[in-house]
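**Q** The opening position of the sequence shown corresponds to residue 1 in the UniProt record's numbering, with each subsequent residue numbered one higher. A virtual CB, placed ideally from N, CA and C, is assigned to each residue, including glycine. The structure displayed is predicted, hence computed values, not measured ones. I have a structure here, written as structure tokens, and I will follow up with some questions on it.
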Amino acid sequence: MSSPLRYQFIHDERLGIRLPVLHLEWEDYSTVERADMLLEWEEIRATIPDKIHRVETVIIEKTRQMSEEENFVRSCELNSEIHELASVINDLNIWFRVQQDHDTKIHQ
Numbered sequence: 001m002s003s004p005l006r007y008q009f010i011h012d013e014r015l016g017i018r019l020p021v022l023h024l025e026w027e028d029y030s031t032v033e034r035a036d037m038l039l040e041w042e043e044i045r046a047t048i049p050d051k052i053h054r055v056e057t058v059i060i061e062k063t064r065q066m067s068e069e070e071n072f073v074r075s076c077e078l079n080s081e082i083h084e085l086a087s088v089i090n091d092l093n094i095w096f097r098v099q100q101d102h103d104t105k106i107h108q
């Protein structure tokens, strides 16, 4: 019989990355579990800048389309899409800083 998962990384469709789901407080994990989680997170985290760049490229294209769009309703739709994509970039930046912020606290 296997023990229940103490943590996992679950794919977030909106952000396009796997995010950590911890079932315990950080301090309750063993040193080995913490190291394993941090290693897996660093591998995921390393993909974030490229994801941000791809989303920025889409925003630039949608902005170009919006500047040429004559249909007001479609222009509003494009604006909403750009807003959502900007929100994705913001959230990806927050997740990218998670480990960095943790490392900074350790070294203070």
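Rounded to the nearest angstrom, what separates S75 and L24 at their Cα positions?
**A** If you take the alpha carbons of S75 and L24, they lie about 46 Å apart.
**Q** Taking DSSP's pairing of strands, which residues face R18 in a bridge?
**A** DSSP output for R18 lists H11 as bridge partner(s).
**Q** Are the Cβ atoms of L85 and K62 separated by less than 9 Å?
**A** Yes, Cβ-Cβ distance for L85 and K62 is below 9 Å.
**Q** Tell me which same chain residues have a C-beta within less than 7 Å of the C-beta of H11, skipping the five on either side of it?
**A** Once the five neighbours on either side are set aside, the close Cβ partners of H11 are R18.
**Q** If we ignore side chains and look at the alpha-carbon of each, how far apart do L38 and E81 end up?
**A** Cα to Cα, L38 sits roughly 33 Å from E81.
**Q** What three-state label does DSSP hand L39 in the structure shown?
**A** Helix, per DSSP.
**Q** Pull up the distance between the alpha-carbon of S2 and that of N79, whole angstroms please.
**A** Here S2 scores only 47 on pLDDT, less than 50, and its place in the model is too uncertain to base an answer on.
**Q** What does a CB cutoff of less than 8 Å around E33 pick up in its chain, not counting 5 residues either side in sequence?
**A** Only R6, Y7 meet the Cβ criterion.
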